[in-house]
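Peer 1: The following block contains the structure, expressed as structure tokens.
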Amino acid sequence: MPPEAAPLDRAPRRVPGPARIAWPVDGRRSPTLLARATHVPFAAMSRSFVPVVGAGVSAGTPTPIRRRRRVSVEVSQRGPVVHDPDMTVDEYLASLAIGPDVVARRLDELRAHVTAEVEAVEAAVAAGSPVIPEIDMAEVLAGTVPPPTIAAVHRRGCAVVRGTFERAEAEAWDAEIADYVSRNAFRERFEAHNAEAATGSRIWGVYWSRPQVAARQHPNMVAARRFLNRLWTLDTPGGPGGAWFDPDTDIGYPDRVRRREPGADSLGLGMHVDTPAIGGWTILENQRVFAPLLTGGIDAFDPWNPAYRTVLPVESPVGCSVFRTFQGWTALSEMEPDDGVLHLVPIPLAVAYRFVVGLAGELGLDGEPTPAPRSDHGDELLARALVPIPAVVPGDTVWWHGDVFHSVADATNDVRWGNVMYIGASPWCERNAAYQADHLERFRRGASPRDFPPEDFEVEFVGRATVDDLTGTGRAQFGLAG
Ligand SMILES: [Fe+2]
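Oh and the sequence shown: position 72 is 993 in our numbering, straight run, nothing missing.
Right, here's the structure in full:
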């Protein structure tokens, strides 16, 4: 799902569960999930990839079963690969040659790490020190972002890039979007379609306005993404064609806008994560992503390692079926920290911690065995570190690693708008190429992108972007020849 959006509970949630602790993924058997991904070089990728499976997989109560099948673990060019999404938790541990005692030890390690980071955030907040790193776009363009700043982004998993766009340009975009939604009676259409829209999050299903398309293909957006993508560990062995993603190109993942008027009666969003990583050990991808953590501990786990996060198949318990190095948005209006803005838990290992919490719960290491929810909402420890973004002005961009828990506070002010365009970094990779396959067709029709509700409001809109508005960068994002 898009950066901030997910219909969520407000509190951490546990699913009361049976004593036995193995179940099929969402109670279903999917041959496609067992299929090996087809790996081809980036240059050979095309829009002919099989569409991604994954958006909207629901939580549901798992059916307890206990399978006894042989676990297949092979060592490929990518390292150990566990091949059975239907394995029991015991089989999963056996495939990694570890026992519950190791899981208990990892939980202790991660809880200590997260607790220390939470306390560091609390201390910074108490001292009035900034928590979320800030970067000057001029330094991004010049390639002079100071190493301590880069280290801070690695530690906190998020950043504000000041002046990504000229303020005047962002304000012009805001005005054009206002005109676009107004003359096409978007709000009236949306409220007729959704009775709760009047008090909702003000995140509108608008994807193809000219400002959104312009920003996604803007040279400064390209530069910001290239910089951010390179904060990931790009030299990880393996990956299709020898790389897990291409840091220099992007599919321009189409996402929505938020337009929150002064005095809005607008609810926020509870703490959540938008990547498959939050779905626990039963997701095949997570079995691979977190294997080094379980076998080698914190020092062996790199949350910036893209291995297995960028390929097919994808099974996501959340709404987003692409790989994003960073989720993000572009500010189109001034926002203050107490306006009801985005809040972040600036701890990239928080998801790893919750992964092990879930695994430990299922193993009965902390009371009766308890299956973890397939979409985890964090816990009280993490919530202590939830901090608002600093004040932003039009043209600033905000970015956060997909494993960073985040929320949006309820609207609180009567004087300012709270307007953003959701634009993240979705670099070219096998997974994203598959998602991009029908962008052009949907763009031409004005249809909603596949990850989002099929509202298709813009099909009838006047003034949306067209192919004629695309630059070379934009054409590439739609799979068009330059
Ligand atoms: Fe989100």
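Glycine included, C-beta positions come from ideal geometry on N, C-alpha and C. Predicted, not measured: the structure shown is a model, and the values here were computed from it.
Check whether the Cβ atoms of Pro1021 and Leu1270 sit closer than 7 Å, and answer yes or no.
Peer 2: Your numbering for residue 1021 matches position 100 in the sequence shown. Your numbering for residue 1270 matches position 349 in the sequence shown. Contact: no.
Peer 1: Output needed for Gly1000: all residues of its chain with C-beta closer than 7 Å, excluding positions within five of it in sequence on either side, in chain order.
Peer 2: Indexing the sequence shown from 1 puts residue 1000 at position 79. At Gly1000 the pLDDT is 42, less than 50, meaning the model places this residue with poor confidence and gives no usable figure here.
Peer 1: Regarding Asp1331 and ligand 1, is the C-beta to nearest heavy atom distance less than 6 Å?
Peer 2: In the sequence shown, the residue the question calls residue 1331 occupies position 410. Checking the Cβ of Asp1331 against ligand 1 gives no.
Peer 1: Looking at the unbroken alpha helix (DSSP H) that takes in Gln1138, where does it start and where does it end?
Peer 2: Taking the sequence shown and counting its residues from 1, the one referred to as residue 1138 is at position 217. That residue, Gln1138, is in no alpha helix (DSSP H); it is neither H nor E in DSSP.
Peer 1: Quick check: what's the CA-CA separation for Ile1204 versus Pro1197?
Peer 2: Here residue 1204 is taken as the residue at index 283 of the sequence shown, counted from 1. Here residue 1197 is taken as the residue at index 276 of the sequence shown, counted from 1. One C-alpha to the other measures close to 8 Å.
Peer 1: Below 8 Å CB to CB, which residues in the same chain sit around Ala1312 once its five sequence neighbours on both sides are set aside?
Peer 2: Walking along the sequence shown from the start, residue 1312 turns up at place 391. For Ala1312, where only same-chain residues beyond five positions count, the Cβ hits under 8 Å are Glu1255, Met1256, Glu1257, Pro1258.
Peer 1: Among Arg1179, Asp1324, Pro1161, whose alpha-carbon lies nearest the alpha-carbon of Val1239?
Peer 2: The residue you call residue 1239 lines up with position 318 of the sequence shown. It is Asp1324 whose Cα lies nearest to the Cα of Val1239.
Peer 1: Just the C-alpha distance for Gly1395 and Ile1098, rounded to the nearest angstrom, thanks.
Peer 2: Counting from 1 along the sequence shown, the entry for residue 1395 is found at position 474. Counting from 1 along the sequence shown, the entry for residue 1098 is found at position 177. Going from the Cα of Gly1395 to the Cα of Ile1098 covers about 19 Å.
Peer 1: Below 8 Å on the Cβ atoms is my contact criterion, and I expect Trp1225 with Val1319 to pass it. Report the Cβ-Cβ distance as a whole number of Å.
Peer 2: As a working note, residue 1225 is residue 304 in the sequence shown. As a working note, residue 1319 is residue 398 in the sequence shown. In fact, because the Cβ distance is near 19 Å, the residues do not count as touching under 8 Å.
Peer 1: According to DSSP, is Asp1390 part of a helix, a strand, or is it coil?
Peer 2: As a first step, residue 1390 is located in the sequence shown; it is residue number 469 there, counting from the start. Residue state, collapsed to three classes: helix.
Peer 1: At what residues does the alpha helix (DSSP H) containing Ala1252 begin and finish?
Peer 2: Taking the first residue of the sequence shown as position 1, residue 1252 is located at position 331. Where Ala1252 is concerned, there is no enclosing alpha helix (DSSP H), although the beta strand (DSSP E) it sits in stretches over 1248 to 1252.
Peer 1: Taking all protein chains shown into account, decide if Glu1087 is buried (16 or more other Cβ within 10 angstroms of its Cβ) or exposed.
Peer 2: Position 166 of the sequence shown holds residue 1087. Glu1087 should be labelled exposed.
Peer 1: Answer yes or no: do Asp1287 and Ala1293 have a C-beta to C-beta separation smaller than 7 Å?
Peer 2: Here residue 1287 refers to the residue found at position 366 when the sequence shown is read from its first residue. Here residue 1293 refers to the residue found at position 372 when the sequence shown is read from its first residue. Not in contact: Asp1287 and Ala1293 (Cβ atoms no closer than 7 Å).
Peer 1: What number of angstroms, rounded off, separates the C-alpha of Ile1268 from the C-alpha of Glu1030?
Peer 2: Counting from one through the sequence shown, the residue named residue 1268 turns up at place 347. Counting from one through the sequence shown, the residue named residue 1030 turns up at place 109. Going by the C-alpha atoms only, they are around 15 Å apart.
Peer 1: Determine the direct distance from the alpha carbon of Ala1306 to that of Glu1043, and round the result to whole angstroms.
Peer 2: Numbered from 1 along the sequence shown, position 122 holds the residue referred to as residue 1043. Numbered from 1 along the sequence shown, position 385 holds the residue referred to as residue 1306. Looking at the two C-alpha atoms, the distance is approximately 6 Å.
Peer 1: In the structure shown, what three-state DSSP assignment does Asp947 receive?
Peer 2: Position 26 of the sequence shown, counted from the start, is the residue given in the question as residue 947. Bear in mind that the predicted position of Asp947 carries a pLDDT of just 26, short of 50, making it too unreliable to give a figure here.
Peer 1: Under 6 Å: does the beta carbon of Asp920 sit that close to some heavy atom of ligand 1?
Peer 2: Residue 920 is absent from the model: the chain starts at 922 and stops at 1403.
Peer 1: What do you get for Val1383, buried or exposed, if any count of 16 or more other CB atoms within 10 angstroms of its CB means buried?
Peer 2: Your numbering for residue 1383 matches position 462 in the sequence shown. Burial call: exposed.
Peer 1: Please report how far the alpha carbon of Phe1222 lies from the alpha carbon of Arg1026, in whole angstroms.
Peer 2: Taking the first residue of the sequence shown as 1, we reach residue 1222 at position 301. Taking the first residue of the sequence shown as 1, we reach residue 1026 at position 105. So the two alpha carbons sit approximately 15 Å from each other.
Peer 1: In whole angstroms, give me the CA-to-CA distance for Pro1121 and Val1178.
Peer 2: The residue you call residue 1121 lines up with position 200 of the sequence shown. The residue you call residue 1178 lines up with position 257 of the sequence shown. For the record, residue 1121 in the displayed sequence is Gly; it is not Pro. Taking the straight line joining both Cα atoms gives about 13 Å.
Peer 1: Look at the Cβ atom of Trp1129, then the Cβ atom of Glu1379, and state whether they are nearer than 7 Å.
Peer 2: Here the question's residue 1129 lines up with position 208 in the sequence shown. Here the question's residue 1379 lines up with position 458 in the sequence shown. Yes.
Peer 1: Might you give, ordered along the chain, the residues of its own chain that have their beta carbon closer than 7 Å to the beta carbon of Thr1170, omitting 5 neighbours on each side?
Peer 2: Taking the sequence shown and counting its residues from 1, the one referred to as residue 1170 is at position 249. So the list reads Pro1348, Trp1349, Ala1397, once near-sequence residues are dropped.
Peer 1: Can you list, in chain order, the residues of its chain with a C-beta nearer than 7 Å to that of Arg1352? Leave out the 5 residues immediately preceding and following it.
Peer 2: By one-based count along the sequence shown, residue 1352 stands at place 431. Taken in chain order, the residues that qualify are Val973, Thr1231, Val1232, Leu1233, Val1235, Val1243, Phe1244.
Peer 1: Quick check on Met1342: does DSSP put it in helix, strand or coil?
Peer 2: The residue given as residue 1342 occupies position 421 in the sequence shown. It is a strand residue.
Peer 1: CB of Asp1324 to nearest heavy atom of ligand 1: below 6 Å?
Peer 2: Within the sequence shown, residue 1324 is the residue found at index 403, counting from 1. Asp1324: no, Cβ never under 6 Å from ligand 1.
Peer 1: State the Cα-Cα distance for the pair Thr1085 and Pro1213, rounded to the nearest angstrom.
Peer 2: By one-based count along the sequence shown, residue 1085 stands at place 164. By one-based count along the sequence shown, residue 1213 stands at place 292. Distance between the alpha carbons of Thr1085 and Pro1213: 36 Å.
Peer 1: So, is Glu1038 buried or exposed, given that buried needs 16 or more other C-beta atoms within 10 angstroms?
Peer 2: Numbered from its first residue, the sequence shown carries residue 1038 at position 117. So Glu1038 ends up on the buried side.
Peer 1: Opposite Glu1055 in the DSSP bridges: which residues?
Peer 2: The sequence position of residue 1055 within the sequence shown is 134, counting from 1. Its beta-bridge partners are Val1081.
Peer 1: Report, in whole angstroms, the separation of the C-beta atoms of Asp1260 and Gly1339, which I expect to be a contact under 8 Å.
Peer 2: For the purposes of this step, residue 1260 is taken as residue 339 along the sequence shown, with counting starting at 1. For the purposes of this step, residue 1339 is taken as residue 418 along the sequence shown, with counting starting at 1. About 6 Å separates the two Cβ atoms, so the contact holds.
Peer 1: Near Ala1080, what residues of its chain come up, given a Cβ to Cβ distance below 6 Å and the 5 sequence neighbours on each side ignored?
Peer 2: Residue mapping note: residue 1080 aligns to position 159 of the sequence shown, counting from 1. Within the same chain, Ala1080 has close Cβ partners Pro1054, Ile1056, Val1074, Trp1320.
Peer 1: Determine, using beta carbons only, whether Val1035 and Ala1045 come nearer to each other than 7 Å.
Peer 2: Here residue 1035 refers to the residue found at position 114 of the sequence shown. Here residue 1045 refers to the residue found at position 124 of the sequence shown. Contact flag unset, no.
Peer 1: Around the C-beta of Asp1372, are 16 or more other C-beta atoms found within 10 angstroms, so that it is buried, or is it exposed?
Peer 2: Against the sequence shown, residue 1372 aligns to sequence position 451. So Asp1372 counts as buried.
Peer 1: Start and end of the alpha helix (DSSP H) containing Val1277?
Peer 2: As a first step, residue 1277 must be located in the sequence shown, where it is residue number 356. From DSSP, the alpha helix (DSSP H) with Val1277 extends over 1271 to 1283.
Peer 1: Counting C-beta neighbours from all protein chains within 10 Å, is the total for Leu1173 16 or more, i.e. buried, or is it exposed?
Peer 2: For this step, residue 1173 is matched to residue 252 along the sequence shown. The amino acid at residue 1173 is misidentified as Leu; the sequence shows Gly. It counts as buried.
Peer 1: Between the beta-carbon of Gly1191 and the beta-carbon of Arg1295, is there less than 7 Å?
Peer 2: Along the sequence shown, read from residue 1 onward, the residue named residue 1191 stands at position 270. Along the sequence shown, read from residue 1 onward, the residue named residue 1295 stands at position 374. Contact flag unset, no.
Peer 1: Does the beta-carbon distance from Arg1137 to Ile1310 come in below 7 Å?
Peer 2: Residue mapping note: residue 1137 aligns to position 216 of the sequence shown, counting from 1. Residue mapping note: residue 1310 aligns to position 389 of the sequence shown, counting from 1. In this structure, Ile1310 does not lie closer than 7 Å to Arg1137 by Cβ.
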